[in-house]
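Participant: Chains as they are written, first to last, in the working numbering: chain A, 7 to 513; chain B, 12 to 329. Virtual Cβ for every residue (Gly too), placed ideally from N, Cα, C. This one's a predicted model, so the numbers in the text were calculated from it and none came from an experiment. Before we start, here is the structure in question, set down as structure tokens.
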Amino acid sequence: MASTLRNDEDVFDRLASAIDPVVTSEREKAVQERVRAQYEKAQKRLSELIDSNSTLPVTISDIRIHGIKKTREGFLQSVFKEALSAEKQADYTLKTALEALQKTTDKLHRFGIFHPTINMYLDRGDAPGVISADLSVSERGRLMLNTGTEIGNAEGGGYLNGTIRNVFGGAETLYASASSATSTADIGSRARSAYEVTFATPLFANPDTVADIGAFSSTRSNHHVSSHEEASKGVKAGLKFLSKCGNHELNYNGVWRQVTNLSADASTSVRADAGDSVKSSITHTFTRDYRDSTLLPTSGYLLKNSTEIAGFGPLGGDVAFVKNEAEVQHAIQLNHGMSFTAGLRAGVMCPLPLGFGENQQAPKASRINDRFFLGGATDIRGFRENGLGPRDGNDSVGGDLYVAGGASMFIPLPRLGAQSPFRFQAFVNGGRLVGMQSTGEKGDVKTSLLDAVREIGIGYPSMAAGVGLVYAHPVARFELNFALPVVKREEEKGRKGLQFGVGINFL
Amino acid sequence: MATLEKQHSQSGPAQSQSKSWLPIPEPVKKLFDSFPVVTYPAQQLPAGCPRNEKLPTLWIFTKGDGLDANGRELMSFNPSCLKWQTYLRLSSLPYRAVPSSNHSSPSGALPFLIAPENSETIPSNKLMQWIKKHGNPPEEDLEDPEIKALLALVETKLRDAWLYTLYLTPVFWSLTQDLYTSTSSSLARLYLSHELQQAARQELANTRPLLAHSLLTAPLSYTASYSSSIAPSATGATSPAEEIYADLESALQALETILGDDNWFHGADRPGYFDAAVFGYVELMGMEGLRETRLGEVVAGCRGLQRWREGVRGRAGW
């Protein structure tokens with residue numbers, strides 16, 4: 007305070023009176039200015055120091071962290087262990103040591119338990135060539151609740167999510183959610199509800215290796231496409247990890263499914279598959295996503311493969327099959343902000359003998375809730391949802407084998423340009439979905455599978471072409487297309503004219 | 012939606028134009044109609060889907076694929092399903108039995124029938140009509156008050172004893188659970204078992220309001236003997252089990268008396284719907300796993316009914 011004090015009374019008067027806002031803001035400005043100048047100076051000095059000493063051999067004596075309330079000491083030690091390991095210490099230069107520290111703070115970020123501003127201060131140690139680091143973090147709130155409404159593909163509903171972060175101080179997460187949706191879309195009513203509880207924890211203090219375990223219960227109405235409702239209750243356990251090639255996910259699923267509540271005019275095929283079945287399966291998913299954006303990629307590629315084995319050997323349950331799905335997508339940047347994307351997906355499922363030993367049962371034909379479905383605004387435009395492949399009456403029954411491909415040209419809209427999330431698109435897409443004709447008792451699975459592969463090659467695939475508008479909202483991609491089916495099978499359900507699509511993963 | 016679409020494409024151009032909110036110019040419509048350019052014939056359904064069915068299919072509760080080791084059709088273990096199986100046979104209607112569950116049925120209960128010609132689904136309450144139209148059922152006056160009353164007796168007294176024994180005594184765990192839960196997962200089976208037992212309890216409580224309280228509040232038996240598994244009700248002297256089995260005995264006695272020395276009920280010259288309805292219970296009450304129970308013992312003691320049962324078996328070709 008600049009002014010001198012005359013007497014005690016005056017002090018209280020001055021405190022009681024409102025502070026002149028202009029003075030305050032000027033004062034603040036000055037302080038900020040000074041801090042910034044200091045910071046810039048420090049930064050400059052630091053970078054000069056680093057530049058001139060980048061090859062200087064150093065060791066990191068310790069990493070201290072401030073602002074910890076709930077996180078366990080042991081957990082943090084494991085996080086820092088790598089940077090402090092004797093092996094690494096031996097080879098550190100100032101530059102690599104700083105890189106190692108930077109990597110450590112990145113790691114801390116990725117656990118998702120700290121606010122994004124993690125500050126790092128370096129200090130000189132007691133001996134020459136020794137540095138220590140001080141990290142200052144602030145932990146994010148433990149409990150997060152979300153409620154809201156969702157509006158999806160002609161359906162609306164609400165959800166309630168709760169997350170407890172850092173449950174045991176080791177970046178563990180407990181997540182629970184409940185959601186429901188009802189609506190009357192243009193093709194009958196659909197409703198769904200889902201409840202889920204999941205506990206996830208990083209392993210070896212590595213944010214990229216996460217194990218989770220959970221339980222879920224859901225009902226989903228498939229009345230509009232195949233005259234039934236599916237209720238599932240199950241447990242799951244998973245492991246996510248990184249390798250040099252990409253992301254891996256290994257999951258176990260034990261699900262009790264009930265195909266029930268059939269429509270009055272449900273087809274015989276749907277009636278035959280109604281009832282209870284338990285699926286016990288292991289799935290491995292590999293993803294290598296080098297696209298610049300998942301919703302509207304303009305360059306890069308995606309490789310994805312997923313393999314599921316159900317009911318085989320000790321897995322048990324009521325269904326046994328091996329299922330493989332693969333996807334590739336490539337995006338190429340062209341002139342004038344234009345881009346070209348091509349994608350291909352394929353899937354095959356093959357029945358396996360159920361169980362093992364004396365109780366082993368011959369392979370059984372697939373069920374409606376295990377088969378693949380194809381068609382709709384997010385995979386093959388110009389066809390109705392699940393509009394491709396075999397049908398029994400009004401019901402699409404799915405298939406055991408499919409191939410789907412698409413190519414889109416994206417052109418920026420005039421005035422808005424390539425930076426905007428809007429594009430004009432022209433596309434061609436198509437595919438085939440076929441069923442294996444015999445399995446188990448009479449037919450040999452292999453012959454039947456080869457026949458199905460041959461069937462896919464007969465004639466042109468069912469195809470549609472069209473043009474439309476694309477809007478890549480940060481959360482999902484919206485498309486409004488005008489499409490015409492060019493090639494189709496008699497029973498397949500094409501959709502001529504306008505089609506609206508919302509989704510994350512488009513062909 | 013499919014039917015809507017069909018109607019739309021079948022209606023003349025003038026009509027479709029008036030329906031449409033935006034008049035489509037003729038050349039555009041022509042262009043639209045030329046798509047799809049290529050249409051291939053429909054493709055085959057996957058192996059799991061029933062196809063090319065020549066016979067009516069009767070969807071019933073049955074074991075495995077519904078056939079024995081020699082490929083002969085098995086009797087359903089459900090009285091109502093066995094009744095219709097037998098009645099179709101007595102009406103000289105060839106059919107094929109399909110293993111199924113209540114989830115498949117349009118009415119929520121088995122059996123039901125799917126006609127081969129148009130895949131029409133016929134729930135059990137419309138089956139009689141369908142059989143009369145397509146088969147050769149025996150002449151019977153089911154509207155006769157006496158026959159109606161007797162059928163009601165079968166559907167209450169015999170059914171109650173059947174439900175009680177199968178769902179609320181230890182027989183449930185030794186027999187019923189295996190028959191009515193199709194999944195191999197023990198957790199799912201446990202959940203389904205609970206549902207089944209609760210449903211049976213509710214069903215019995217509805218038909219016997221005086222016993223409702225003791226039926227609904229008693230713990231479900233796991234190990235207790237069948238006759239004492241549900242305690243006597245507070246108000247009456249008899250336990251639900253005693254009352255239910257006493258009713259069964261008197262009902263079977265009444266049926267024996269009505270049958271007399273005749274080959275078939277009501278002196279008919281061939282067995283009919285009434286015989287099939289009684290057969291559904293009497294045959295199954297003597298099945299493996301029930302013979303040692305009170306239900307099995309009571310029905311085995313009815314000599315006349317046993318003689319008649321053999322006759323129906325022969326006629327129906329079981």
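I need the straight-line Cα distance from Lys17/B to Phe43/B, nearest angstrom please.
Facilitator: Low local confidence applies: a pLDDT of 37 at Lys17/B is under 50, so the model's placement there is unreliable, with the coordinate-based value given in what follows. C-alpha separation (whole angstroms): 16 Å.
Participant: Could you tell me if Leu295/B is buried or exposed, where buried requires 16 or more neighbouring beta carbons within 10 angstroms of its beta carbon?
Facilitator: buried
Participant: Would you verify that the beta carbon of Pro67/B is, or is not, closer than 8 Å to some beta carbon of chain A?
Facilitator: no
Participant: Is any beta-carbon of chain A found at less than 8 Å from that of Thr50/B?
Facilitator: Yes, because at least one Cβ of chain A sits closer than 8 Å to the Cβ of Thr50/B.
Participant: If we ignore side chains and look at the alpha-carbon of each, how far apart do Gly59/B and Gly297/B end up?
Facilitator: Gly59/B and Gly297/B: Cα-Cα distance of roughly 35 Å.
Participant: Ser468/A: buried (16+ other C-beta within 10 angstroms of its C-beta) or exposed?
Facilitator: Under the 10 Å beta carbon count, Ser468/A is surrounded by 16 or more other beta carbons and is classified as buried.
Participant: Does Phe81/A pass the burial test, meaning 16 or more other C-beta atoms within 10 Å, or should it be called exposed?
Facilitator: So Phe81/A ends up on the buried side.
Participant: Any beta carbon of chain A sitting closer than 8 Å to that of Thr268/B?
Facilitator: no
Participant: Could you give the first and the last residue of the continuous beta strand (DSSP E) run that contains Gly220/A?
Facilitator: Asn212 to Ser227
Participant: For the putative contact between Leu455/A and Ala410/A, defined by C-beta atoms under 8 Å, what is the C-beta separation to the nearest angstrom?
Facilitator: The Cβ separation is near 19 Å, so there is no contact.
Participant: Does Ala221/A get closer than 8 Å to chain B when you measure Cβ to Cβ?
Facilitator: no
Participant: Is Ala278/A helix, strand or coil when you go by DSSP?
Facilitator: Helix.
Participant: Output the boundary residues of the alpha helix (DSSP H) element that contains Cys92/B.
Facilitator: Pro90 to Leu101
Participant: Taking Cβ positions, are Ala482/A and Gly509/A nearer each other than 8 Å?
Facilitator: yes
Participant: Within 8 Å of any Cβ in chain B, is that where the Cβ of Pro396/A sits?
Facilitator: yes
Participant: So, for Asp295/A: in the same chain, excluding its five sequence neighbours on each side, which residues have a beta-carbon less than 6 Å away from its beta-carbon?
Facilitator: Leu308
Participant: Closer than 7 Å: is that where the CB of Leu407/A sits relative to any heavy atom of the ligand NAD?
Facilitator: Although the ligand NAD was asked about, the structure shown includes no ligands whatsoever.
Participant: Would the beta-carbon of Thr194/B fall within 8 Å of that of Ser372/A?
Facilitator: no
Participant: Is it buried or exposed, Ala36/A, if we count other Cβ atoms within 10 angstroms and call 16 or more buried?
Facilitator: exposed
Participant: Specify the secondary structure class of Lys159/B as computed by DSSP and reduced to three states.
Facilitator: Residue state, collapsed to three classes: helix.
Participant: On the premise that His121/A lies in contact with Arg146/A, defined as a C-beta separation below 8 Å, what is that separation, rounded to the nearest angstrom?
Facilitator: 6 Å
Participant: Output needed for Ala103/A: all residues of its chain with C-beta closer than 6 Å, excluding positions within five of it in sequence on either side, in chain order.
Facilitator: In the same chain as Ala103/A, and ignoring 5 residues on each side of it, the C-beta atoms closer than 6 Å to its own belong to Val64 and Ile66, in chain order.
Participant: So Ala262/B and Leu164/B are in contact, right, with Cβ under 8 Å, and what is the actual spacing, rounded?
Facilitator: Contact holds; Cβ gap of about 5 Å.
Participant: When you check each C-beta in the region 472-500 of chain A against every C-beta of chain B, which residues fall closer than 7 Å?
Facilitator: Taking a C-beta cut-off of 7 Å against chain B, the contacting residues of the region 472-500 of chain A are Leu490, Pro491, Val492, Val493, Lys494, Arg495, Glu496, Glu497 and Gly500, listed in chain order.
Participant: Taking C-beta pairs closer than 9 Å, name the residues in chain A that His114/B reaches, listed in chain order.
Facilitator: Going along chain A in sequence order, the residues near His114/B (Cβ under 9 Å) are His234, Gln264, Val265, Thr266, Asn267, Leu268, Arg277, Ala280, Gly281 and Asp282.
Participant: Whole angstroms is fine: what's the gap from His145/B's alpha carbon to Leu104/B's?
Facilitator: Computed Cα separation, rounded: 8 Å.
Participant: Given a threshold of 16 other Cβ atoms within 10 Å of its Cβ, counted over all protein chains shown, does Tyr256/B qualify as buried or as exposed?
Facilitator: buried
Participant: Answer with buried or exposed for Arg318/B, where buried requires no fewer than 16 other C-beta atoms within 10 angstroms of its C-beta.
Facilitator: exposed
Participant: If the cut-off is 7 Å on Cβ atoms, which residues from the region 302-332 of chain A count as contacting chain E, listed in chain order?
Facilitator: In the displayed structure, chain E is absent; the protein chains listed are A and B.
Participant: By the 10 Å Cβ neighbour count, where 16 or more other Cβ atoms means buried, how is Phe362/A classified, buried or exposed?
Facilitator: Looking at its Cβ environment, which holds fewer than 16 other Cβ atoms inside 10 Å, Phe362/A is exposed.
Participant: Hey, quick one: how far does the alpha helix (DSSP H) through His205/B stretch, first residue to last?
Facilitator: Ser197 to Thr218
Participant: Tell me, please, whether the CB atom of Gly82/B is closer than 8 Å to any CB atom in chain A?
Facilitator: no
Participant: Excluding the 5 residues flanking Ala184/A on each side, which residues of the same chain have their C-beta closer than 6 Å to its C-beta?
Facilitator: Leu166 and Tyr201
Participant: Rounded to whole angstroms, what is the Cα-Cα separation between Tyr258/A and Thr289/A?
Facilitator: 6 Å
Participant: Around the Cβ of Val476/A, are there at least 16 other Cβ atoms within 10 angstroms (buried) or fewer (exposed)?
Facilitator: Around the beta carbon of Val476/A, 16 or more other beta carbons lie within 10 angstroms, which makes this residue buried.
Participant: Verify the CB distance criterion: does Cys313/B have a CB-CB separation below 8 Å to chain A?
Facilitator: no
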